[in-house]
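So the structure is just underneath, and the comments pick up after that.
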Amino acid sequence: MAVVDSLKGFGVTFRHLFRKPVTQQYPEYKRPVYPRFRGRHRLHRHENGLEKCIGCSLCAAACPADCIRVVADENTDEERYSPGERYARIYEINMSRCIFCGYCELACPFDAITLGHDYELAEMSRDAMVYTKEMLLEPMHPSRTTPVAPADPFDVVEPGQ
Amino acid sequence: MPDGFILTFVKAFVLANLVMGVFAFLTWLERRLLGRFQVRLGPNRVGPFGLLQPIADLVKLIRKESILPEGISPVLYIAAPALSLFASLAVFAVIPFGEEATIPGTDWKIFLFISNPSVALLVVFALGSISFYGFLVGGWSSSSKYSLYGSMRAVSQLISYEVSLALAVIGVVMMAQSLSLTGIAEAQDRDGLWYIIPQFLGFVVYVVASTAEVSRIPFDLPEAEGELVAGYHTEYGGMRFAMFQNAEYVALIAFSAVASILFFGGYEGPWLPGPLWMLIKMTFFILIAMWVRATLPRIRYDKLMSIGWKVLLPAATLNLLVTSAIVAWRA
Numbered sequence: 000m001a002v003v004d005s006l007k008g009f010g011v012t013f014r015h016l017f018r019k020p021v022t023q024q025y026p027e028y029k030r031p032v033y034p035r036f037r038g039r040h041r042l043h044r045h046e047n048g049l050e051k052c053i054g055c056s057l058c059a060a061a062c063p064a065d066c067i068r069v070v071a072d073e074n075t076d077e078e079r080y081s082p083g084e085r086y087a088r089i090y091e092i093n094m095s096r097c098i099f100c101g102y103c104e105l106a107c108p109f110d111a112i113t114l115g116h117d118y119e120l121a122e123m124s125r126d127a128m129v130y131t132k133e134m135l136l137e138p139m140h141p142s143r144t145t146p147v148a149p150a151d152p153f154d155v156v157e158p159g160q
Numbered sequence: 000m001p002d003g004f005i006l007t008f009v010k011a012f013v014l015a016n017l018v019m020g021v022f023a024f025l026t027w028l029e030r031r032l033l034g035r036f037q038v039r040l041g042p043n044r045v046g047p048f049g050l051l052q053p054i055a056d057l058v059k060l061i062r063k064e065s066i067l068p069e070g071i072s073p074v075l076y077i078a079a080p081a082l083s084l085f086a087s088l089a090v091f092a093v094i095p096f097g098e099e100a101t102i103p104g105t106d107w108k109i110f111l112f113i114s115n116p117s118v119a120l121l122v123v124f125a126l127g128s129i130s131f132y133g134f135l136v137g138g139w140s141s142s143s144k145y146s147l148y149g150s151m152r153a154v155s156q157l158i159s160y161e162v163s164l165a166l167a168v169i170g171v172v173m174m175a176q177s178l179s180l181t182g183i184a185e186a187q188d189r190d191g192l193w194y195i196i197p198q199f200l201g202f203v204v205y206v207v208a209s210t211a212e213v214s215r216i217p218f219d220l221p222e223a224e225g226e227l228v229a230g231y232h233t234e235y236g237g238m239r240f241a242m243f244q245n246a247e248y249v250a251l252i253a254f255s256a257v258a259s260i261l262f263f264g265g266y267e268g269p270w271l272p273g274p275l276w277m278l279i280k281m282t283f284f285i286l287i288a289m290w291v292r293a294t295l296p297r298i299r300y301d302k303l304m305s306i307g308w309k310v311l312l313p314a315a316t317l318n319l320l321v322t323s324a325i326v327a328w329r330a
């Protein structure tokens, strides 16, 4: 009967009143991202500190959003940035255009660029959305890192208090 | 005005501000409670437990631009929310929170009501209907289809449910032999029986009809956001919108107060002072209204009408007939 069923509904909502809320309190608690989450880019270095990027611009060519700008320059013995002949003098990613597809990662012949885990990319102006080489290059600023969930199991989530 | 003009003025000022304060608290409480009903947290950022959220909302609403849409009737458009709020607030002029009381520490005696007319119940229902004029005028003067539909729904809903509401209340009036709210509360004390027991059918009809009267879920069709954007207050923003919401909440508080007087003995109760009993009973009704909101979906408009005319009206009439027979037989 409709009336009885409605009354059952009151019981359901009353039980839910005493459940622990599933809300995750975001700025205090950051939900761990999946290991393969595609966030903010990183430019990597070799173990000897030299940049992996050689300024070949293949990432810029692969980018469907056309948000990467690379200007290459010659290495000299006095000023050496990367192991080969050339390096990226300017490496900029316009984060307001990037669609985080990861094609740059695939295109890179030296694994110099990968997509990291950081997703807090809000800025107050469009100009600030253009990330320069200094910002992208490792080591990253420690405050800009995002927790990563263990690979197994994926769905272990601690609800907020 | 049994206390004289100045004291009555002070009491009215205090009570109106108290009601507004309770309204602010209720918006917080409702959002927190709805959150917990839905296994969320609700607002918890502004102040401890989010208690300052109403103040943040107020600041935000006051700072909004005051927009007058094109094609409106400006006078009616501006007057409508004020009319609704005034009518809802004015109900508290006749709601008693107790009998005569002494202010602690002094020998001042004041009455714990602003006025006590012998037809208080009629005043309550008259003002409740005037509040709907605000919705009607606001929707009509907005020059918007959604607003007009919302206000037409509001008025037809009012007409459908006010009949049952009044009939449900007449049972109590006959038992108490009084239309005065203090008279009804005292009659329950005299009979030693809350009228919810002999008038249970009337109580159920009253609760359902008053939910429709303050247009809360599941009867919030005048502002059904699923189909009418926001109903009669679609074109309103800022503080004018807030006044409509305010009027609705104040009406909820007022109807809770009337329900606690009619069916739960009002301010009469053992051990505790009268106003505290009123507060406890009103809180009970308001919490029930929030629980209902968390549980029931909005009903369809034709069902709303058929519940009003085919279920509530016969039930209220039956209650009235049985009550009058019993009252006549006892007399």
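Protein chains in written order, with numbering that gives the first Met the number 0: chain Z, 0 to 160; chain G, 0 to 330. Glycine included, each C-beta is placed from N, C-alpha and C at the ideal position. Note that the structure is a prediction, hence the values are computed from the model and not measured.
- Boundaries of the alpha helix (DSSP H) around Phe263 (chain G): Gly237 to Phe263.
- Using a CB distance below 8 Å, the part of the stretch 2-21 of chain Z facing chain G consists of Ser5, Gly8, Phe9, Val11, Thr12, Phe13, His15, Leu16, Arg18, Lys19, Pro20 and Val21, ordered along the chain.
- Contact check between the stretch 41-48 of chain G and the stretch 116-123 of chain G: fewer than three CB pairs, one atom from each, fall below 8 Å, which does not count as touching.
- In this structure, the CA atom of Val291 (chain G) is about 8 Å from the CA atom of Phe9 (chain Z).
- Leaving aside the five residues that flank Val326 (chain G) on each side, the residues in its chain whose CB is nearer than 7 Å to its CB run, in chain order, Met173 and Met174.
- Using a Cβ-Cβ distance cut-off of 8 Å, the stretch 62-78 of chain G and the stretch 126-140 of chain G are in contact, since at least three pairs of beta carbons, one from each stretch, lie closer than that value.
- Among the CB atoms of chain Z, one or more fall inside 9 Å of the CB of Trp290 (chain G).
- Every unbroken stretch of the alpha helix (DSSP H) spanning 4 or more residues and falling wholly within the stretch 20-67 of chain Z is given here in chain order: 57-61.
- For Thr181 (chain G), the enclosing alpha helix (DSSP H) starts and ends at Leu180 to Asp190.
- Looking at the DSSP output, Arg85 (chain Z) shares a beta bridge with Z:Glu73.
- The closest CA to that of Asp4 (chain Z), considering only G:Ile102, G:Pro296 and G:Ile195, is found on G:Pro296.
- In this structure, DSSP gives Glu234 (chain G) a state outside helix and strand, which the three-state scheme calls coil.
- Per DSSP, Lys144 (chain G) is one residue of the alpha helix (DSSP H) stretching across Lys144 to Ala175.
- Judged by DSSP in its simplified three-state form, Tyr132 (chain G) adopts helix.
- Straight-line spacing of the CA atoms in Asp126 (chain Z) and Gln23 (chain Z) works out to 32 Å.
- Taken through DSSP and simplified to helix, strand or coil, Tyr80 (chain Z) comes out as coil.
- Taken through DSSP and simplified to helix, strand or coil, Phe96 (chain G) comes out as coil.
- When G:Ile169, G:Arg62 and G:Ala125 are compared, the shortest CA-CA separation from Ala315 (chain G) is found for G:Ile169.
- The residue from G:Ala86, G:Gly97 and G:Ile260 with its alpha-carbon nearest to that of Val213 (chain G) is G:Ala86.
- Look at Gln37 (chain G): its C-beta is under 9 Å from a C-beta on chain Z.
- Put simply, the backbone Cα of Cys66 (chain Z) is about 28 Å away from that of Glu46 (chain Z).
- With fewer than three CB-CB distances shorter than 8 Å, the stretch 95-102 of chain G does not count as touching the stretch 141-158 of chain G.
- Shown here for Phe36 (chain Z): same chain residues with a beta carbon closer than 7 Å to its own, the five before and five after excluded, namely His116 in chain order.
- Identification of chain Z residues near Leu40 (chain G) by a Cβ-Cβ cut-off of 7 Å yields Pro20 and Thr22, ordered along the chain.
- Beta-bridge partners assigned by DSSP to Thr113 (chain Z): Z:Arg41.
- Rounded to whole angstroms, the separation of the alpha carbons of Val162 (chain G) and Ile252 (chain G) is 21 Å.
- Fewer than three beta-carbon pairs drawn from the stretch 196-216 of chain G and the stretch 53-68 of chain G are found closer than 8 Å, and the two stretches are therefore not classed as touching.
- Remark: C-beta atoms of Leu49 (chain Z) and Tyr90 (chain Z) do not approach each other more closely than 9 Å.
- Going by DSSP, Phe99 (chain Z) is part of no beta strand (DSSP E) at all; its letter is neither H nor E.
- By the criterion of a C-beta distance shorter than 6 Å, Val123 (chain G) is surrounded in its chain by Val90 and Val257, once the five residues flanking it on both sides are discounted.
- By the 16-neighbour rule on beta-carbons within 10 angstroms, Ile66 (chain G) is exposed.
- Membership of Ile109 (chain G) in any alpha helix (DSSP H) is not indicated; the residue belongs instead to the beta strand (DSSP E) covering Lys108 to Phe110.
- Neighbours of Thr294 (chain G) in chain Z, taken as residues at a C-beta separation under 7 Å, are given in chain order as Gly8, Phe9 and Thr12.
- Here DSSP, grouped into helix, strand and coil, assigns Asn43 (chain G) to coil.
- Taken through DSSP and simplified to helix, strand or coil, Ile325 (chain G) comes out as helix.
- A straight line joining the alpha-carbon of Leu50 (chain G) with that of Tyr25 (chain Z) spans about 20 Å.
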